Amino acid sequence: MTKPRLGIFSLTGCAGDQLQILNMEDELLNLVARFHIVDFQEGSSHKESGPIDIAFVEGSVSTETDLRHLKEIRERSSVLIAFGNCATDGCVQAMRNGETTLAQRLKDVYGVEPDYYDALESKPIREYVKVDFSIPGCPVEKDEVVKAITSLLHGDSPLGYSYPVCVECKLHEYPCVIVEDNKPCLGPVVRAGCEARCPGLGLDCIGCRGPVEDGSNFAAELQMLLDKGYTEEFIMNRLRIFSGELPEDFLGGAK
Amino acid sequence: MSNKSTLKPVKARITDIRKMTEIENLVTIKFQNPEYAENFNYTPGQFVKLGVMGVGEAPISLCTAQSDNSELEFCIRNAGRVTNAIHSQKVGDVIWVRGPYGNGFPMDEFYGKDLLLVAGGLGIAPIRGVLQYATQNREKYGEIIVLYGIRSYDLMLFKDDVLHYFREGDAEGVKLYLSYEDQEDLVLNGLVSERDDRITNGLVTKLFAIMDEPADNTVAILGGPPIMYKFTVMELEKMGFTPEQVYMTLERRMKCGVGQCGQCIVGTGKSIKYVCKDGPVFTLWDAMNTKGMI
Amino acid sequence: MTKTIKIEELTRVEGHGGIEVTLDGDKVKDVKFNVFEGPRFFESLIKTVHYEKIPDITRRICAICTASHSLASIGAIENAFKVKPTPQTNTLRDLLIHGETIESHALHVYMLALPDFLGFPDAFSMASEHLDAVKMALNLKKAGNQIHNTLSGREVHGMNERVGGFSKVPSQQELLDIRTSMEEVMPVAELAVKLLADVVPPKHNVSENLLLALDSGERFGYMGDHILTSAGERVHETEYEKLTNEQVIKHSYAKFSNYKGKTFMVGALPRLHLNGDKLEGKAYELYKQHKELIDRNNTISNNFCQAIELVHDVERCIMDVDELLSNGLDDEDLVEFDVYESRGINAIEAPRGILYHDYSFDDQGRITKANIITPTAQNAANIEKDVRVIAGNLSGSSDETIKHAIEVMARAYDPCISCSVHLTRLK
Amino acid sequence: MLINILEKENLVEFFEAMQSYGEVVAPVRATDNAHRFQPVKGIDELDLDYTRTMIPPKKYFIQPKETLFTFNKEKEKYLEPPSIDKSMVLLGVHACDINAMNLLARVFMEELPDKYYLERRKNSVIVGVSCTPDEKCFCKSTGTDYAQEGFELFLHDIGDKYLVRVGSLKGHNIVKDHSELFAAPEKGDLDAFKEAEKTRLSSFTIEIEMSGLQDHLDMSYDDPLWAEYAEKCLGCGSCNLVCPRCRCYDVQDYINLDMNTGERVRMWYSCMLKDHGLVAGGHNFRPTSMERLRNRINCKGSLREEMPNCVGCGRCTVFCPADIDFVEILQKVRGDIK
Ligand SMILES: Cc1cc2nc3c(=O)[nH]c(=O)nc-3n(C[C@H](O)[C@H](O)[C@H](O)COP(=O)(O)OP(=O)(O)OC[C@H]3O[C@@H](n4cnc5c(N)ncnc54)[C@H](O)[C@@H]3O)c2cc1C
Ligand code: SF4
Ligand code: SF4
Ligand code: SF4
């Protein structure tokens, strides 16, 4: 059997999701052996052109170059996977989208005229190309990556997490930081899969896995936190860290 | 030892795969252990959990009748992960089975009665089991009328059976009527040799107008999507069927199939039901008393 | 006759950058370190955000030195609000940053740099001939990650280190497990020194380097509040702007650092050059034994310095664990403090060199202004300088030779382009 | 009913005696609001004077996440985890939780026994303890404030003694084997028990009438109240996951990187999650959070095996991050409050 051709690509981001692959110290060599790797920028100098069976794309589209690169990858790939929060939901660099403009941000940081750059407003890749699956997370969870890969190798579509962090939090019997300490936990609206890492350490979830698809009641989360005495600015800053690039009606309530 | 007791599946092997439509295959399986096959007692309307290790299990209706258990047939639509995995199996591959589960159609309560079978889409699968059972025990039942609604010829399941009853149904006392939604020439498709008044264009409910008036002691047996039930029930009520004379089989999400996992719950306070264990076959009376059932 | 040699994209580095050299005969006409990593504007994003979640955002500047960013960020916040962390917290932080350096250096030395010297495109193909070494390297990296996992909550972008301490203090058993792992991987760290001691650094990139590193105090380490320069100065972290002197330069990239008009280098080589005599134990012995390999004017020796640091890191983690356990672990809460309008600056040695975070807050503890300067942003101009030197020295050679030499040199900096928040390509 | 008396000063010896029947698991204070059942080594670790744990003791019988079996595709085989022979003493279980487990036992042990549940229950000793209700407890309303069965021993606090009810032969044998710790009850003890029960029963602050509730729920099917609560509900599933009587579960297969071996895993699930009613093809039988919330309350208020699906422990209210009050909903359904 010929090995599937795998490409691991990155656009703008911290390269943490590729790093998570390198961090699978125990499985790495096994995993790499299952594929014919055509591209893995952070891990290898070896690069090939030609079709790709499975493409993992990390990072968000933040420059014209990113966009060209992304479209090229889509052309070549049968299955394209948004890999990590940047690719899936835009991550921190999208947290001010719709709030401040790109020009303003450029001016803030560089103090120069904006037309200088080929920068674009940071967006998740689904804004530009068809995404077959998403593996969310900032960074992705190694366990989920392995599960997705084995599913794909087995010919099945990967399983996602359709439920929020609270479920895992409860399964671990972590004390609820909202109930116990009134902390502004985003667990109820954020996609599970991290085994509730933050509440497990006594911290409020900041939402690094992005919202539960079609299942997040942001309006209720906002209201709950307002009732607990947080200001709207505070809550919105919190909600936006990883969910800046959300549909317009993101406070419109759950379905 | 029907092994109903746990979530432990038993091994069976695929002996035949026949493509029925673009997305549906008829899969025949044989238990590895003959003893298991011998004790595998079921009535039409019951279901099993079919599984592929590494992917999971799906509830699938038994669409055959009891006479011979050495081989079982399943009509499987490729609808998602598990069913896709079943579709990618080959003859000779292993398939894991649990069951049979649920309450089937009470075929012995129907003795001496006429049967009106109404099927839509994939709902034909359990209905086909009822039909097989009734024809195998032909003397126990009165007249058998089958109404089958499909979208188009391409999507028709059990084409051989349909053809058979069109040609020879009269001799066996089985009247089959067919409705199809899309305008299509069934003559050209070779199903019938000339225009046939047992076939109409439209939804399955249209067939009530052209079929023979059913006798008073008829039981109606329904298999199809919830929306079909709504409209069929309206017709049946018009014809004077009482709520206890109408039987239907329901689909819900099921993980265990034995009333543990809670995923197939329906109803309100008084009448919470688990479709897998209390059903999947219910009467219209059950449905009338259980909000959200249809 | 002019020609352009172009490295489209540097591989086995974090982030995206390429290098372009234009030669006119044997004269170097132009050098461009092209960064096509998109800008992320962290300083702008965090405006109005409450201090408590700043580290969680800024640590996402970089994956590999995520804890360095969070600790630099936490330090700046603590400096702003005059928070004094407990001694236990300080030791835990020391352990964390040493763990991070193990993970980062193991990755760089074994997986990214070594293939260059052994002639492989990557560690995976290197594994076909040196399986044991690769497996050992992975174990070393894993041991570093174990510290991340235990102290920070996961290997990338953890969350447990907070302003005022640690949200959850690790258990005694967890620390003992770290100690065991460190003892197990000690030989791997030593092997790195041995392997790299055999590599003869090419002469073509020798040129004068100005080196900057934090003054680590009495012991070698990655924290401190003064910056030392190889020119003999000592500057307080709050005056960092004098050193980094970031400028938006209108040629091919923005915001280059220079100190008094000169490019400079940060990282393992500067640290060993300026603080090496403070090393302890085996690391000190190896340092003394191989001192001649640490050539301040050959950036390639940065790789070797990282190897020495690996030995130091492993030893130091054991010492930190012992210190924590002998003092008795205290399940202490975060230090409490008040917020007021204020500014805080903090410098820390990330694996790749000095990292600065500088924040101003309003009286509610919300950010009004921020500045973050990463090691690679500081090194960029020096990398460009080295490219000039190499291209000049090798101008007669084939394009391939020049390209390879440049790549090997650039990789020796272990550049982390994704975290060079201030580097962005101009049109 | 066999009755014995255990002096509180014998508690340490009693605890040590219990250790000989297996690992002792008991409530330990975890947070301001909750205790946690966890293994304890000494009596000083546990706290019998507690209100509720967040996660009910059912976690020891049907675990939050457990491997049903591991498989090997090539070998066409699967292997169940080895039988559980470790025994356990569940010490300090409240009546509501015992009653909840009695229902679970019917589902998982009687008709179609679940190997895992069965083995664990067989290997365990359950020791109940009496409690004082707080402002969220309403087990009196659900008729589950007193346990008639489903335990080995039940300790009722009657001052400086415990009145111990024996609930099974196993419990009787424990008493027999440690007869030096127990005494026969005297008249005063029985009086004290009656007094204690009276006090307990009078300290409930909330009440909900259960009779006919099922029809009230039926009649409220189209009431706007569901939508009102759905607006507040986060759909987080916490209410189900802390419920001692909820038993929904999900099953998932995972395959390892060798593409041959793997496992089938069972995990607690919740009807408040959006795909609880989802079937292939994307059809959802309860697509909105309003429908899911209504379904949950209906399920809780329904009678299953002649018992309501709620034992009045108050957990879903206490641990709902959105402060949704279960009893308040039922009171609205009944028209007790508007
Ligand atoms: C009593 C009964 C009889 C059925 N008979 C047949 C039949 O004869 N032929 C046929 O093709 N289909 C039948 N179905 C439908 C079939 O079970 C689903 O199409 C199948 O479960 C889809 O699973 P999947 O993994 O392929 O799809 P996915 O959409 O990938 O399913 C995802 C998950 O949801 C669950 N799920 C989705 N749909 C259902 C469902 N309907 N029931 C239970 N769980 C579900 C699965 O467990 C799966 O893990 C029947 C369903 C029921 C309840
Ligand atoms: S701590 Fe957060 S994630 Fe956990 S249950 Fe509470 S709200 Fe949900
Ligand atoms: S709890 Fe939230 S912020 Fe923390 S790791 Fe999980 S998804 Fe990310
Ligand atoms: S715990 Fe509360 S918010 Fe969460 S699903 Fe239940 S009712 Fe809704």
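Protein chains in written order, with the working numbering: chain U, 1385 to 1639; chain L, 889 to 1182; chain G, 71 to 497; chain H, 378 to 715.
Beta carbons are placed, not taken as given, at the ideal position from N, Cα and C, and that holds for glycine.
No experiment lies behind these values; they were computed from the predicted model shown.
Just tell me which of the options has its CA closest to the CA of residue i.
i	options	result
phenylalanine 1129 of chain L	L/Leu1004, L/Leu914, L/Val1154, L/Pro947	L/Leu1004
cysteine 963 of chain L	L/Val1146, L/Met941, L/Met908	L/Met908
leucine 280 of chain G	G/Ile453, G/Arg129, G/Tyr354	G/Ile453
lysine 1387 of chain U	U/Glu1605, U/Glu1525, U/Leu1504, U/Asp1437	U/Asp1437
leucine 1464 of chain U	U/Thr1615, U/Asp1516, U/Lys1567	U/Asp1516
glycine 1571 of chain U	U/Gly1544, U/Asp1565, U/Ser1600, U/Leu1451	U/Ser1600
threonine 220 of chain G	G/Val239, G/Pro125, G/Lys76, G/Gly466	G/Val239
methionine 1127 of chain L	L/Asn1105, L/Met1142, L/Ala925	L/Asn1105
asparagine 966 of chain L	L/Glu926, L/Gly1017, L/Leu914, L/Gln920	L/Leu914
asparagine 397 of chain G	G/Thr156, G/Glu406, G/Ser138	G/Thr156
glutamine 934 of chain L	L/Gly1061, L/Met1176, L/Glu1139	L/Glu1139
threonine 519 of chain H	H/Ser647, H/Gln591, H/Met486	H/Gln591
What is the DSSP secondary structure of residue i, reduced to helix, strand or coil?
i	result
leucine 425 of chain H	coil
isoleucine 1519 of chain U	strand
isoleucine 1567 of chain U	Correcting the residue type first, residue 1567 of chain U is lysine in the shown sequence and not isoleucine. Three-state result, lysine 1567 of chain U: coil.
proline 509 of chain G	No answer is possible for residue 509 of chain G: it lies beyond the span of chain G, which begins at 71 and ends at 497.
serine 430 of chain G	strand
valine 1476 of chain U	helix
lysine 320 of chain G	Legend: pLDDT at lysine 320 of chain G = 48, less than 50; position of this residue unreliable, value from coordinates given subsequently. Correct three-state label for lysine 320 of chain G: coil.
histidine 1430 of chain U	coil
asparagine 661 of chain H	strand
valine 239 of chain G	coil
serine 138 of chain G	helix
glutamine 934 of chain L	strand
threonine 903 of chain L	strand
aspartate 534 of chain H	strand
serine 143 of chain G	helix
threonine 1171 of chain L	strand
threonine 250 of chain G	helix
glutamine 1425 of chain U	coil
- request: Give, in chain order, every unbroken run of the alpha helix (DSSP H) that is at least 4 residues long and sits entirely within the stretch 168-222 of chain G.
  value: The stretch 168-222 of chain G contains these whole alpha helix (DSSP H) runs: 184-188, 193-199, 201-217.
- request: Go through the stretch 1095-1164 of chain L residue by residue and report every complete run of the beta strand (DSSP E) that reaches 3 residues or more, in order.
  value: Segments of the beta strand (DSSP E) lying fully in the stretch 1095-1164 of chain L: 1107-1111, 1134-1137.
query: Of all the residues that make up the stretch 918-945 of chain L, which are near chain U by a beta-carbon distance shorter than 7 Å?
result: Listed by position, the residues of the stretch 918-945 of chain L near chain U (Cβ gap below 7 Å) are Gly942, Val943.
- prompt: At which residue ranges does the stretch 591-648 of chain H contain complete beta strand (DSSP E) runs of 3 or more residues, listed in the order of the chain?
  reply: For the stretch 591-648 of chain H, whole beta strand (DSSP E) runs of length 3 or above, ordered along the chain, are 626-632, 638-645.
Residue ranges of each beta strand (DSSP E) within the stretch 429-455 of chain H, 3 or longer: Listed in chain order, the complete beta strand (DSSP E) runs (minimum 3 residues) inside the stretch 429-455 of chain H are 442-449.
task: Quick one: which residues of the stretch 950-979 of chain L get their C-beta closer than 9 Å to a C-beta of chain U? List them in chain order.
output: Identification of residues in the stretch 950-979 of chain L having a C-beta nearer than 9 Å to some C-beta of chain U yields Gly968, Arg969, Val970, Asn972, Ala973, Ser976, given in sequence order.
message: Please output, in chain order, the residues near ligand 4 using a CB cut-off of less than 5 Å to any non-hydrogen atom of the ligand.
response: Sorted by position in the chain, H/Cys610, H/Leu611, H/Cys613, H/Ser615, H/Cys616, H/Met649, H/Cys697, H/Ala699, H/Ile701 make up the residues whose C-beta lies under 5 Å from a heavy atom of ligand 4.
field: Segments assigned beta strand (DSSP E), at least 3 residues, entirely inside the stretch 432-458 of chain G
entry: DSSP runs (the beta strand (DSSP E)) wholly in the stretch 432-458 of chain G: 437-443.
task: Please go through the stretch 306-378 of chain G and give each complete beta strand (DSSP E) segment of 3 or more residues, from N-terminal end onward.
output: Correct list: empty.
query: Could you give the uninterrupted runs of the beta strand (DSSP E) lying entirely in the stretch 952-1015 of chain L, keeping only those of 3 residues or more?
result: Segments of the beta strand (DSSP E) lying fully in the stretch 952-1015 of chain L: 960-965, 982-989, 1003-1008.
message: Using a Cβ-Cβ cutoff of 7 Å, what residues of the stretch 1514-1534 of chain U are near chain G? List them in chain order.
response: Residues of the stretch 1514-1534 of chain U with a C-beta less than 7 Å from any C-beta of chain G: Cys1522, Pro1523, listed in chain order.
- prompt: Taking any Cβ of chain H, which residues in the stretch 1550-1563 of chain U have a Cβ under 7 Å from it, in chain order?
  reply: For the stretch 1550-1563 of chain U, which is checked against every Cβ of chain H, the residues closer than 7 Å are Cys1550, Val1551, Lys1554, Leu1555, Glu1557, Pro1559, Cys1560, Ile1562, Val1563.
field: Positions along the stretch 1443-1461 of chain U whose CB lies within less than 7 Å of some CB in chain G
entry: Along the stretch 1443-1461 of chain U, the positions whose C-beta sits under 7 Å from a C-beta of chain G are Ser1446, Thr1447, Thr1449, Asp1450, read in chain order.
- prompt: At what residue ranges does the stretch 1599-1623 of chain U contain a whole run of the alpha helix (DSSP H), taking only runs of 4 or more?
  reply: List check, alpha helix (DSSP H) in window: 1602-1611.
- prompt: Which residues, in chain order, does the stretch 578-596 of chain H contribute to contact with chain L at a C-beta distance below 8 Å?
  reply: So the list reads Leu590, Gln591, Asp592, His593, Leu594, Asp595, given in the order they occur along the chain.
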